[in-house]
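Reading through the structure tokens given below for one structure.
In my numbering, the protein residues as written are 32 to 219.
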């Protein structure tokens with residue numbers, strides 16, 4: 032399928048959010064708490080003339096999607112971008128074209144398209160600073176085959192989720208990372 036067909040297959044963001052079974056409240060909290068900085072609104076308005084479209088590969092259980100998607104949605108409102116979501120596990124043909132490090136089906140992935148549905152930019156699954164935080168947390172885990180690994184991993188996910196929901200500095204890092212990708216890759 033072409034990117035245009037993938038986009039047309041996607042759900043509108045509110046439809047996706049309404050259907051969420053996991054992290055809906057957390058996603059809403061980030062959405063309600065995050066605002067595009069006033070100093071950045073002009074930059075995003077420059078993008079409005081491009082009539083960008085965004086395909087979001089996501090899943091409701093994903094903590095990274097929980098924090099990144101609402102920030103993208105606020106940016107999309109400011110830049111007049113049309114966003115559609117696709118569940119990763121139901122759209123592996125597309126997902127496999129956007130693997131992280133060539134091997135991982137990590138999400139979310141944001142595929143930015145021009146008005147003719149040509150790929151302009153790709154972002155995801157994490158801002159670099161957030162990736163560093165996750166790497167530091169993972170380094171503290173015992174080996175996968177250790178009996179304490181499942182509990183330690185669950186606790187790590189809990190700590191990361193709490194930071195994603197509450198730490199506004201993380202939200203700003205995500206915003207800056209997405210904005211930098213757009214400003215560097217979209218043809219204005």
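Just so it is clear, CB atoms sit at the ideal spot from N, CA and C, and this is done for glycine as well.
As the structure is a prediction and not an experimental result, all values here were calculated from the model.
Residue i classed as buried or exposed, judged by whether at least 16 other C-beta atoms fall within 10 angstroms
i, result
"residue 190", "exposed"
"residue 208", "buried"
"residue 68", "exposed"
"residue 216", "exposed"
"residue 76", "exposed"
"residue 1", "Given that the chain is displayed from residue 32 to residue 219, the structure contains no residue 1 and the question cannot be resolved."
"residue 220", "Given that the chain is displayed from residue 32 to residue 219, the structure contains no residue 220 and the question cannot be resolved."
Close Cβ partners of residue i (< 6 Å) along its chain, the five nearest in sequence each way excluded
i, result
"residue 92", "53"
"residue 37", "86 and 125"
"residue 111", "79"
"residue 55", "none"
Residue i: first and last residue of the uninterrupted alpha helix (DSSP H) it sits in
i, result
"residue 89", "Where residue 89 is concerned, there is no enclosing alpha helix (DSSP H), although the beta strand (DSSP E) it sits in stretches over 84-89."
"residue 123", "123-126"
"residue 79", "69-79"
"residue 47", "44-50"
"residue 34", "34-40"
Bounding residues of the beta strand (DSSP E) (the contiguous stretch that carries residue i)
i, result
"residue 118", "113-118"
"residue 61", "It is not in any beta strand (DSSP E) - residue 61 instead sits in the alpha helix (DSSP H) that spans 55-64."
"residue 100", "Careful: residue 100 lies outside any beta strand (DSSP E), inside the alpha helix (DSSP H) at 94-110."
"residue 141", "140-144"
"residue 152", "150-154"
Chain-order list of residues whose beta-carbon lies under 7 Å from that of residue i (same chain, five-residue window excluded)
i, result
"residue 213", "78, 143 and 152"
"residue 40", "117"
"residue 120", "90"
Own chain, CB closer than 8 Å to residue i, minus 5 neighbours either side, in chain order
i, result
"residue 61", "97, 98, 101, 102, 195, 196 and 202"
"residue 66", "105"
"residue 33", "148"
Measuring CB atoms only, is the segment 201-213 touching the segment 150-170, in the sense that at least three cross pairs come out at less than 8 Å?
Contact holds between the segment 201-213 and the segment 150-170, because three or more Cβ pairs, one in each stretch, are under 8 Å apart.
For the pair the segment 95-105 and the segment 128-139, tell me if three or more CB-CB distances fall below 8 Å.
Touching, yes, given that three or more Cβ pairs across the two stretches are closer than 8 Å.
Which runs of the beta strand (DSSP E), 3 residues or longer, sit entirely within the segment 167-204?
Fully contained in the segment 167-204 is no beta strand (DSSP E) run of length 3 or more.
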